[in-house]
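Each number in the working numbering corresponds to the 1-based position in the sequence shown with 1306 added. Yeah, the Cβ is synthetic: ideal placement off N, Cα and C, and Gly gets one too. To keep things clear, I will list the structure first and then write my remarks on it.
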Amino acid sequence: MAKRPAGGRPARPRPNPLFEAGITYVDYKDTDLLRRFVSDRGKIRSRRVTRLTVQQQRAVARSVKNAREMALLPYSSTTR
1307 MAKRPAGGRP ARPRPNPLFE AGITYVDYKD TDLLRRFVSD RGKIRSRRVT RLTVQQQRAV
1367 ARSVKNAREM ALLPYSSTTR
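As structure tokens, this is what we get:
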């Protein structure tokens, strides 16, 4: 049975963003795609927020870490 939010209507399943875009392989060089899965503070967003499968979340996390190592993405974007 679907969970009911406070409004009383059943929750709709939200679409998977990678399935929707037809992406099967997450490349660390595709920084535009990876930035969608990183918060403004530089943290990798959780599966609950990104709506990815377990395998996709692992691939995205690995790609973000590789992109950070190659200096394509920042480790954090906060400045003091």
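- Among the bridge pairs identified by DSSP, Ile1350 is matched with Val1344.
- For Leu1324, the enclosing alpha helix (DSSP H) starts and ends at 1323-1327.
- Remark: C-beta atoms of Val1366 and Phe1343 approach each other more closely than 7 Å.
- Annotation: Leu1358 to Pro1323 spans about 7 Å, alpha carbon to alpha carbon.
- For Arg1353, the closest C-alpha among the options Ala1317, Gly1328, Pro1321 is that of Pro1321.
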